C-alpha cells in the first residue's frame, strides 16, 4: 500500500489557515482524493458559516483547544490510525493549532505504526504579512513554523504597504532560505504552487534562537532624549530593525514613536503611560547585548 | 528495617518437614522501605532538597481517575463525589507518595466567564475568551471559593485530605500567563508589543487569581501548590522576565507566606526558560519530556530548587508496555538522583493510560529488588536474537532452568537455586539443571526466548512452572516427575517399532547386519529403535541358537490404552489380533 500523503498547514492564529484549507480542498487534485481532515476544534469547523460536511470529508477534531502538542500526541496518532484503517482517504490535510511546532507533528508520524502508512507531502506555513513581525518575537512556535516550512504563503499582502513586502520577505528568507514563497490574499494560493512543493525532512527541534531569530528588546529610556541622536541610532540598525514602538519625551512632551520597516512616525500624546519611557525594538540578526550597547547612552540611569 | 538486597552468604533455608510443607514467600508484596517516612513526608523533604529514604512518586492523575472507575473525563472533573472516588481508586492502585486533587487548567477560566467544550477522555477546552469578545478587564473579579467548579474541587480536597493523611496532596492552579491567554486569546502575543501596559494589568489580575486560588487549596488541606503555566513555553526568556517573572514571583511569595510549598510546572519546550523559572522563587520546577531531565537538574539543584518529571506520557505510559514504563522510570531516577527529585509523568496522564504501566512504575519505585531486575532487563528490548525453542526439552533428560538475577547476590534467587539443588539428586541421570543469570546477555536472550517475565523463575523443559515463589520440595519433585512421566509416555507413543539385532558384538556378520540396519533407518528417517542384544542367554530367550545369528527381529508397538483401566474383553481382542 502506498503511503498516504499528508499536507500540513501551519501559521499563527489569525493568519488565515482556515481560508487556505478551504482553498486547498477545492483543488481538483485534492478533492478527487477524498481528503481526510485533522483540524483544531476551533479552526475550520465552520467555513463561511457552513460546517464542513462529514459526508464529503472524514473530519477528526482535536479537542485540546490551545494546549500542547505533547498532550495532543495520542489524539493525533489515533486520528491517523483511524484514517489508515478507514481505507477511504488518499490524502490527509492537517490544520495545526496556531502554537504547534511542526517538528513535534513530524515526530508523531515517525512512530513505526504510522511511518509506514503516511508521508508528509508538504508543510505549508501561512504568514500573516500584517502582523507576523509583531507576533514572531513573542511566540516561539511562529518562528519555528517558518523555519521548518517547505513552502511559505505570505497572506494579507493587500493590507500591507507595497514597500514593506520586500522587507517582510527578506525577514522570512533569513529564517528559511529554501522554501518557495508565494504572495496571496485570503489564502488563495495557486494549485500549481502546492503541486510543486518538495518536502524537506528536518531532524530534531529547531534552535530556539537561531542566528537570524527575531527578538524583542525593551529599553527603559531616559527622559528627555536627544531626538536626532535617538532616531539616528534607530536608523543605523538598518534592516535589522523590523519594528519599534514606545513612548519617548524628546523635551517637548511625551510622544508615541513607531517605526515599521524603516519608516518612523512621532505622535504627541497627552501623557506617558504607566510603563514610562519603555521602548520595544523588534530586531532580527542582531544580538540583545549589542542593542543594549548601542542604546546605552539613551537608557535611564539608576 | 531496610530490605535492600545484599550479597551472600544468606541464611540457610529452613528444613521442610515431611508433613508440613512451607512456602517461602519472596515477593507477594513489594518490599516497601519502612524507614518511617510517609509519602507526604517524602514529598515535602524532596521538595526542600532534604534527604529521603527513596525517590517519591507522584503520578499526575487528572481525567485518568475517571478511567479507573468507569467515569468519563467530564464526570470526574464535574463532581466532587466522582473526583474523590477516582482519586481514591488511583491511590489504591498506584500507592503514590503524592497526588493532585485534579488536573484541570480551565477551572479558573470558566469561573471568569470562558465557555468550555467538554470531552469524554480529555479535560475541557476553552472555547471563548471574554476579553477578546469585548469584556473589560475591570469588569472581572477574582473568583470566590465557591465560584464555578472551584467549590467542587475544594470540597473534594477536604474529603481526600480526611481520608489520606499520609499522602502529599497537590492543589493545581492555573498560572497567570496561561490564564491570561484563556481570558484574552492568542491576541495576547501581539499585545505584548502593541499594548504592554494592558498585558501588565492583565497579568497582575491573573496573578491575583492564581494567588487567591492557591490560598483556597491550601486552606482546604493541600500540602503543595503547583502553579501550572504551560503557555510560558511559548515565549523566550526576555519576555518571560519582562511579563511573567514579576507576577509569578509574587505568587510564590504569597504561597510561602501562607506556609505552603510551591511547584512551578511548565509543559512544552520550555528549556530556554528554566533558569528564569527558578528565579521566580518556587521550591520545585516540574517539566515534561521536551526538556532533558539532566538539564533541569543542573539548573535547579545549584539554585536550591528541587525538580520533577519527566516520564514520557504518550510513547511510554500510554502506548508502551509495563517494562518500558519501568525502564523510563529507572532512566529518570538515575538522572534525578536521590536528593531534590520527584518522579512524575511529564504532564496530566492521558485518560486511557493502562493502569498496569503505572503499577509497574510503582513497583520499581518502592521495591529495590524489582528495580534491580528491571535494570538487568533493560537491554532485553534491544535484543533481537531469539533462540528457537520449538525443539527445546525434547532430549532424553529433563532440563530444569532457573532464571535468576544472580544467586550470589540475591536472596530469593539463591533460595530458588537451592530448592532445585536439593531435589536434583533424586533424579540423578534423568534431570539436568542450570542457572541463567540475567546479568549476562546470553541469559537475557535465553529468558526472552522462553518468554519469562519474572525473576526468579523455574522452567522445566522450557515451560514456565514456578514464578517468583520458591516451591515446596514436594511440589517441585512432583512437577519434575510429571515431566519425566510425560516424556516417557511421549517416548512410548512415538516409538513405533524396534529393530533388534541379535548376535555377538565381535561377530563380523553381526556388525555388518547392525550397520545395514542403522543405515536403512537413517535413510528412511524411520521412527525405529535399533537395539543390539549380544547376551547369549537373552538371544536364546528370543528363540535363537548360537549358529542362527546374526538374527533380526522387528517388533512393532501400538498404544492401545492410556489413562484408564481397559476392560478385559478389549485386552483379549488386542491379543487375538496378533495371534
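Protein chains in written order, with the numbering used here: chain A, 364 to 665; chain B, 138 to 716. Glycine residues also receive a C-beta, built at the ideal position from the N, C-alpha and C atoms. Predicted model, so just to flag it, every value in this text is computed and none were measured.
Note that the segment 641–656 of chain A touches the segment 595–612 of chain A; at least 3 beta-carbon pairs, one per stretch, sit closer than 8 Å.
Residue 323 of chain B carries a coil assignment under DSSP once its states are collapsed to helix, strand and coil. A distance below 7 Å between beta-carbons, with the five flanking residues on each side excluded, links residue 221 of chain B to the following residues of its chain, in chain order: 293, 296, 297. In this structure, residue 291 of chain B places its C-beta atom within 7 Å of the C-beta atom of residue 353 of chain B.
DSSP, read as helix, strand or coil, puts residue 277 of chain B in coil. At a cut-off of 7 Å between beta-carbon atoms, residue 240 of chain B makes no contact with chain A.
Taking a Cβ-Cβ cut-off of 7 Å, the neighbours of residue 487 of chain B in chain A comprise 437, given in sequence order. Between the alpha carbons of residue 569 of chain B and residue 654 of chain B lies a gap of roughly 32 Å. For residue 613 of chain A, the CB contacts under 7 Å within the same chain, skipping 5 residues up- and downstream, are 587, 588, 590 in chain order. For residue 649 of chain B, the secondary structure class from DSSP, reduced to helix, strand or coil, is helix. The segment 389–409 of chain B and the segment 426–446 of chain B touch, with three or more beta-carbon pairs separated by less than 8 Å. Considered as a whole, the segment 591–642 of chain B harbours 594–597, 600–604, 634–639 as its complete beta strand (DSSP E) runs of no fewer than 3 residues, in chain order. Under the 7 Å criterion on CB atoms, residue 455 of chain B is classed as interfacial with respect to chain A. For residue 376 of chain A, the residues of chain B that pass the 7 Å Cβ criterion are 323, in the order they occur in the chain. Counting along the chain, the unbroken beta strand (DSSP E) around residue 369 of chain A starts and ends at 367–373. Nearest CB-CB separation between residue 451 of chain B and chain A: below the 7 Å threshold.
Listed along chain B is no residue with a C-beta nearer than 8 Å to that of residue 663 of chain A; the closest approach is about 16 Å. Sequence-ordered contacts of the segment 638–663 of chain A with chain B read 638, 641, 643, 645, 651 [C-beta pairs closer than 8 Å].
Shown in chain order are the members of the segment 330–344 of chain B whose Cβ falls below 8 Å from a Cβ of chain A: 330, 331, 333, 334, 337. Residues of the same chain with a CB within less than 6 Å of the CB of residue 285 of chain B, apart from the 5 flanking positions on each side, are 247, 248 in chain order. Taking CB atoms only, residue 623 of chain A has no neighbour in chain B less than 7 Å away. Here residue 345 of chain B is actually not in contact with residue 637 of chain A; their C-beta atoms are around 17 Å apart, not less than 8 Å. Counting along the chain, residue 311 of chain B sits inside the beta strand (DSSP E) bounded by residues 305–311. Collapsing the DSSP output to three states places residue 570 of chain B in a strand.
With respect to residue 361 of chain B, residue 305 of chain B sits close: the two C-beta atoms are nearer than 7 Å. Judged by DSSP in its simplified three-state form, residue 423 of chain A adopts strand. The three-state secondary structure of residue 688 of chain B, taken from DSSP, is strand. No Cβ-Cβ contact shorter than 7 Å links residue 554 of chain B with residue 565 of chain B. In summary, residue 231 of chain B is buried, with 16 or more beta-carbon neighbours lying within 10 Å of its beta-carbon over all protein chains present.
Scanning the segment 442–502 of chain A for uninterrupted alpha helix (DSSP H) segments of 4 residues or longer gives 465–471, 475–478, 495–498, listed from N- to C-terminal end. With contacts defined by Cβ atoms closer than 7 Å, residue 179 of chain B and residue 196 of chain B do not form a contacting pair.
Closest in C-alpha terms to residue 187 of chain B, from the list B:703, B:582, B:370, B:474, comes B:474. Across the set B:400, B:404, B:371, the C-alpha of B:400 shows the shortest separation from the C-alpha of residue 422 of chain B. Counting only Cβ-Cβ distances below 9 Å, residue 375 of chain B has contacts in chain A at 500, 578, 579, 580, 581, 651, in chain order. Rounded to whole angstroms, the separation of the alpha carbons of residue 477 of chain A and residue 599 of chain B is 36 Å.
For residue 636 of chain A, the chain B residues whose Cβ falls inside 8 Å of its Cβ are 334, in order along the chain.
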